[in-house]
Structures are given as C-alpha cells and as structure tokens.
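Single-structure report; data block below.
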Amino acid sequence: MKKGLLTMAGMLLTVSLVSAGTTVPVLADEETTLVYGSGDYTRINPAMDEHGEINILIFNGLTAHDGDNQIVPGLAESWEFDDATNTYTFHMAEDAKWQDGEPVTADDVKFTIEAIMDPENGSENAPNYEDVEEINVVDDHTVEFKLEDKNVAFLDYMTMAVLPKHLLEGEDMQTSDFFRNPVGTGPYKIESWDEGQAITLVKNEDYFKGEPSIDKIVFKIVPDDNAKALQLKSGELDLALLTPKDAASFADDDAYTYTCYDMKTADYRGIMFNFGNEYWQKNRDLIPAVCYGLDRQAIIDAVLLGQGMPAYGPLQRNVYNCEDVEHYDYNPEKSKEILEAAGCEMDDDGFYYRDGEKVGFVISVSAGDQVRIDMAQIAAQELKEIGMDVSVEIPAQTDWAGQMAFLIGWGSPFDADDHTYKVFGTDKGANYSSYSNEEVDKYLTEARQSADPEVRKEAYANFQKALAEDPAYAMICYIDANYVADSNIKGINPDTIMGHHGVGIFWNVADWTIE
C-alpha cells in the first residue's frame, strides 16, 4: 500500500484482500491522507497575492468557478444586478462559519474588498475592483456593490477569498501573523505549518457545503521539479504537477500505479521586457526582431515534448481571441532586416552593435522551474544565432525593477478581462513590465465596460492588434499541465482548463475520494 494515501487507525476486520495469492488484512476507520508536491509558501494571503493553489482549500469567495470555469454560487447563494445603478446585490448563505466557529457576515466581505482596494496595502488584485464606488452592508447576509462603471468580469472577481474581519481588523495586510496561520471558511483548515517542509490541512467537518471526503491533505514543499518526480516514484507524494519529460516517464512505465492527466491550460510563457530598464527605453524598436527570432515550435518540441502550442497573444484560449494579428512566425532573416534597418551593424564576433553597444540582454528566470529555465536557454541560443547577445540568469530573488527581461507566465481561462487589464494596463497591479500603450488601455477599458458580446469582440480584437504592433512580451507558447496522481485518487476533472501555474485542479477537492 502506498505511503501517504492511507494512515491506519482502527480495528482489524474479518474481510481481507487477496493479492498474488496472499491474504492481506484490511483495517477499518482508516484516515485518508493525500500528499501533494507543492511549491513553497511564505504566507497564504489571497487578498494581496495573485495566485496560490492552496487558497481554494482554505477560503471561499462570494462566487466560485465550476469545472467549466463558469460562475456558480460560493458564499453567496444568489445575486442580482441593477443595470440602472450598476449595483450588484449578493445574498449570502446563513450557515457559513469561519473555522473558529464565528459566523460569516457581509461585514467580512466589505472588509476584504476594501483592504484590497486600499492603495496603502499594495495588492496586485486592486485593479479588479477599481470600479467599486460603494460597498453597503444591507444586513448580516446581504451586501451591495455599486460600481462607477460597468465591469462585466465583476462576478469572476467575486471569487476572491473572503477574509475574517474579526481576526484581521487593525492588522497589517502584508505582514500580519494571520497569513501564517489563516482561518477561512473552506473545506480544509490548517493543522500545522512546518516552514519550508509541509503545510498540513485537515478537513473542515463543519464546512457549509458538506464535509469533504479526504481527511487530510499535506502540501509537501518540493520546489524542484525533478525532485517531485522522484518523490512520486518513491511513494512520498500522491499528486504533483510535473514537467512533460518527467510525466512521460510515468506514462511509459507500467510499474507504477499512477494516472497521468495532460490538461489544457490558458497558461502562456513569454519573454517579458522591463520597460523601466534604460536598455529598452533606448532599444524598444528592436523587440520585433526578438519576436521573429524565436523558433517556438522547436522550443515546444524540445521542452514540452510537443505538448502545447505556439503563442502570439494572451487570449488564444479565450472566446475573444483574434487570429488576425501579427503572429511573429519564426523568420531569422526578418529579424536581421529589422536590426540592420535600426542602424545595427554585425561585428567580427558575430553580434550586432548599435551606437557602439552590443545588442543583447539578460533573461531572468525563477529558480526551480525547469521548464522556464529550459525555454529561456533555448530562446537565448536562438537569439544568439541571429546576432543578439542574449544570456540567462537565475537570481535568488526576482528584481522586478532592475532586471532587463523575465521569462513570464500568465493566463486565465475565465473572463478575458482577467490577466489582461491588470497585466497590460498602464500602472496596473500586475504590470511588472512597466508597459504603457494608450490604445491598449483604451480598448481594455471598452471591453470591460460593455456586456454586449459584439462590442467586446471588437474591443478585444483591437487590443490584441495594438499589443502585437507594440509587444510587451515576445510570446513563446501555451503549455499543458501534466499532473500525475496515484490512481486511487478519484474525482480529478481532466477536462477543466487550468489557469496560471496549474491553478484550478482543486476546484472540487471536497468531492475527491481515495479508494
């Protein structure tokens, strides 16, 4: 029996299992435990931080996403929208409780969203709520949001985890100890946190949507991708998101009782240029040469084993994708034409120079993400072949302001406003490239303020065209999410389109079982 899946506790039964001619006793009242290979957490703070797989296990929003990424009730059982006043009214479940036993109220909702909106708190989620003009608590279980302008993605953004006012009022929303021992409303609650080792969750028996089936879920901290595969094989993990190469070793080996889930995502990768860096302020016109110099399919084949697709824009897995934009298909000769037209000259060392300065830059990549590291290294080599001196660094900590470029990843399977408005909009919370384009801002605003699909379609088409003409990133590819799980785990939905970093697999974790 695999380590991790079952912790024995109980009496021997007279029932037995027969395996290879051997009778094996079965124990009753077994406590089920799932061990997941997770990245590290310094805090669990969904209000301030963009994403985190663990959030959905501990917290609930007013709304939620189902397996088709459609909006369904969360803490709110129902809602209505008054078009004349741009007001959403949410009616909350009256039996929802915090994991310390206190009731969940509309005051908690108001407190959470106001904390996100407060510029002093520096939340990267703030752009999602910049249209909120008033939040009114009607009664303990009814809350109203009056918007200054329409935001058709607002119900998506109400999936934001609600935080307990009674535990956080007066606390620093960035540094409070609460975020090391959070109390939520979700199907699981924190039992212990061994820093850098594991976060152990136990089921919330009082969960208002019904008691979960699996008793305990351990987020074991395994930052290195290769180590996850080894620990799956050794039985230390039951579920992990692996690189395509590592996942393939499970699919091809019958010795392991695992199920491979190759799941589609809206998650893309690209080279993000830091326009706050002086280099790109002087050489922004060379970015199209970078875009044409990338052999995307070669990167997909080498790093992703063919899983994924070449990327040319941020909405390719969205209903509002526009194919009629510049794709920057691999064309090294065109790259050289752009460089030479900009006044760059090839020197004897094989690199272009402009105004006496060698053309090239450094791509920063986060440690532990082998897929991104491999992509960056291949991209750097491809760009060297066209005469740009590009290298890769893996800093201990990301320097968003100082770096030249970064192997970025974003993506949302939800409303098209998500991960576009706040990523490419001028001075928005997740715009780590300091990118600014008046046309992009205009069309993103038009799209979020109209509920008419045809108006949104045109606005997002114009946004994508403007972005392609003035790229913020050199897009590379969309990736698949390669999850490998012990086959005894049931309930994982293989058809759900994943978000960034595979976020989304735990959307129905309360219904998972272990056989």
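Residue numbers for the sequence shown, in mature numbering (1 follows the signal peptide of the UniProt record, and there is no 0): -20 to -1, 1 to 495.
C-beta atoms are modelled at their ideal positions from N, C-alpha and C, and glycine is treated no differently.
Quantities reported herein were computed from a predicted structural model and do not represent experimental measurements.
Residue 178 versus residue 83 - alpha carbon distance: Counting from one through the sequence shown, the residue named residue 178 turns up at place 198. Counting from one through the sequence shown, the residue named residue 83 turns up at place 103. Cα to Cα, the separation comes out at about 29 Å.
CA nearest to the CA of residue 121, picked from 161, 241 and 56: Here residue 121 refers to the residue found at position 141 when the sequence shown is read from its first residue. Checking every option, the nearest Cα to that of residue 121 belongs to 56.
Cβ pair count under 8 Å reaching 3, the stretch 238 to 250 against the stretch 447 to 466: Touching, yes.
Local conformation of residue 162 per DSSP, three classes: Against the sequence shown, residue 162 aligns to sequence position 182. Reduced to three states, the DSSP call for residue 162 is coil.
Integer Cβ distance of residue 250 from residue 469, believed to fall under 8 Å: Start at 1 with the first residue of the sequence shown, and residue 250 comes out as number 270. Start at 1 with the first residue of the sequence shown, and residue 469 comes out as number 489. At roughly 33 Å, the Cβ-Cβ gap does not stay under 8 Å, so residue 250 and residue 469 are not in contact.
Beta-bridge partners of residue 114, as assigned by DSSP: Here residue 114 refers to the residue found at position 134 of the sequence shown. When DSSP reads this structure, residue 114 sits in a beta bridge with 126.
Cβ-based neighbour list, residue 191, same chain, cut-off 6 Å, excluding 5 preceding and 5 following: Position 211 of the sequence shown, counted from the start, is the residue given in the question as residue 191. For residue 191, where only same-chain residues beyond five positions count, the Cβ hits under 6 Å are 185.
Spatial neighbours of residue 364 in its chain, beta-carbon cut-off 7 Å, leaving aside the 5 residues before and after: As a first step, residue 364 must be located in the sequence shown, where it is residue number 384. Result list for residue 364: 370, in chain order.
Cβ neighbours of residue 413 in the same chain (closer than 7 Å, five flanking residues each side left out): If you number the sequence shown from 1, residue 413 lands on position 433. Result list for residue 413: 252, 253, 254, 255 and 452, in chain order.
Where the alpha helix (DSSP H) containing residue 425 begins and where it ends: For this step, residue 425 is matched to residue 445 along the sequence shown. For residue 425, the enclosing alpha helix (DSSP H) stretches over residues 418 to 428.
Extent of the continuous beta strand (DSSP E) run through residue 53: Here residue 53 corresponds to residue number 73 of the sequence shown, with the count starting at 1. Boundaries of the beta strand (DSSP E) around residue 53: 51 to 53.
Distance between residue 223 and residue 4 (C-alpha atoms, nearest Å): Here residue 4 refers to the residue found at position 24 when the sequence shown is read from its first residue. Here residue 223 refers to the residue found at position 243 when the sequence shown is read from its first residue. For residue 4, the predicted structure reports a pLDDT of 41, less than 50, and the residue's modelled location is therefore unreliable. The matter cannot be settled from this model.
Any 3 or more C-beta pairs closer than 8 Å across the stretch 400 to 411 and the stretch 472 to 485: Result no; under three Cβ-Cβ pairs closer than 8 Å.
Exposed unless 16 or more other CB atoms sit within 10 angstroms - verdict on residue 50: Locating residue 50 in the sequence shown gives position 70, counting from the first residue. Residue environment analysis places residue 50 among the exposed positions, since fewer than 16 neighbouring C-beta atoms fall within 10 angstroms of its C-beta.
Assigned secondary structure, residue 214 (DSSP; H/G/I helix, E/B strand, else coil): The residue given as residue 214 occupies position 234 in the sequence shown. DSSP, reduced to helix, strand and coil, places residue 214 within a helical segment of the structure shown.
Other residues of its chain near residue 288: CB distance less than 8 Å, five sequence neighbours each side excluded: In the sequence shown, residue 288 corresponds to position 308, counting from 1. Within the same chain, residue 288 has close Cβ partners 280, 457, 458, 459 and 460.
Strand pairing of residue 251, partner residues [DSSP]: What you label residue 251 is simply residue 271 of the sequence shown in a count that begins at 1. Answer by DSSP bridge pairing, in chain order: 387 and 454.
Cross-strand partners of residue 13 (DSSP beta bridge): Position 33 of the sequence shown, counted from the start, is the residue given in the question as residue 13. 196, per the DSSP bridge assignment.
Contact set for residue 196: own chain, Cβ-Cβ below 8 Å, skip 5 residues either direction: Position 216 of the sequence shown holds residue 196. Listed in chain order, the non-local C-beta contacts of residue 196 below 8 Å within the same chain comprise -14, 11, 12, 13, 14, 171, 180, 181, 182 and 183, local neighbours out to five positions each way being set aside.
Neighbour-count burial assignment, residue 367, 16 or more Cβ in a 10 Å radius: Taking the first residue of the sequence shown as 1, we reach residue 367 at position 387. Result: buried.
Length of the line joining the Cα atoms of residue 101 and residue 454: As a first step, residue 101 must be located in the sequence shown, where it is residue number 121. As a first step, residue 454 must be located in the sequence shown, where it is residue number 474. Those two C-alpha atoms are separated by around 31 Å.
Rounded Cβ spacing between residue 391 and residue 247 (contact assumed at less than 8 Å): Taking the first residue of the sequence shown as 1, we reach residue 391 at position 411. Taking the first residue of the sequence shown as 1, we reach residue 247 at position 267. That pair is a contact at about 4 Å.
Whole-Å CB distance - residue 43 paired with residue 53, under 8 Å assumed: Here residue 43 is taken as the residue at index 63 of the sequence shown, counted from 1. Here residue 53 is taken as the residue at index 73 of the sequence shown, counted from 1. Confirmed, Cβ separation roughly 7 Å.
Beta-bridge partners of residue 461, as assigned by DSSP: Here residue 461 refers to the residue found at position 481 of the sequence shown. 243, per the DSSP bridge assignment.
The stretch 413 to 423 in contact with the stretch 347 to 357 per 3-pair CB rule at 8 Å: The stretch 347 to 357 and the stretch 413 to 423 do not touch, with fewer than three beta-carbon pairs separated by less than 8 Å.
Member of 77, 115 and 426 whose CA lies at the smallest distance from the CA of residue 95: The count along the sequence shown starts at 1 and reaches residue 95 at position 115. In terms of Cα proximity to residue 95, the closest of 77, 115 and 426 is 115.
Residue 342 and residue 384 closer than 7 Å at C-beta: Here residue 342 corresponds to residue number 362 of the sequence shown, with the count starting at 1. Here residue 384 corresponds to residue number 404 of the sequence shown, with the count starting at 1. Yes, Cβ-Cβ distance for residue 342 and residue 384 is below 7 Å.
The stretch 159 to 171 contacting the stretch 139 to 151, beta-carbon criterion three pairs below 8 Å: Touching, per the Cβ criterion.
Residue range of the unbroken alpha helix (DSSP H) whose run includes residue 373: Translated into positions along the sequence shown, residue 373 becomes position 393. Where residue 373 is concerned, there is no enclosing alpha helix (DSSP H), although the beta strand (DSSP E) it sits in stretches over 369 to 373.
Exposure of residue 444, with buried meaning 16 or more beta-carbon neighbours within 10 Å: Taking the sequence shown and counting its residues from 1, one reaches residue 444 at position 464. Taking all protein chains shown into account, residue 444 has 16 or more neighbouring C-beta atoms within 10 Å of its C-beta and is therefore buried.
Residue range of the unbroken beta strand (DSSP E) whose run includes residue 260: In the sequence shown, residue 260 corresponds to position 280, counting from 1. Per DSSP, residue 260 lies in no beta strand (DSSP E) segment; the continuous alpha helix (DSSP H) that holds it begins and ends at 258 to 263.
Residue 331 and residue 36 closer than 7 Å at C-beta: In the sequence shown, the residue the question calls residue 331 occupies position 351. In the sequence shown, the residue the question calls residue 36 occupies position 56. Contact annotation: residue 331 and residue 36 have beta-carbon atoms that are not nearer than 7 Å.
4-residue-minimum alpha helix (DSSP H) runs that sit fully inside the stretch 73 to 120, ordered along the chain: Those alpha helix (DSSP H) runs which fall completely within the stretch 73 to 120 and span 4+ residues are 86 to 97.
Sequence-distant residues of its chain with Cβ nearer than 7 Å to residue 362 (five each side left out): Here residue 362 refers to the residue found at position 382 when the sequence shown is read from its first residue. Its chain contains 273, 274 and 275 as the residues whose beta carbon lies nearer than 7 Å to that of residue 362, once the 5 sequence neighbours on both sides are disregarded; these appear in chain order.
Simplified DSSP state of residue 229, which is helix, strand or coil: Within the sequence shown, residue 229 is the residue found at index 249, counting from 1. Helix, per DSSP.
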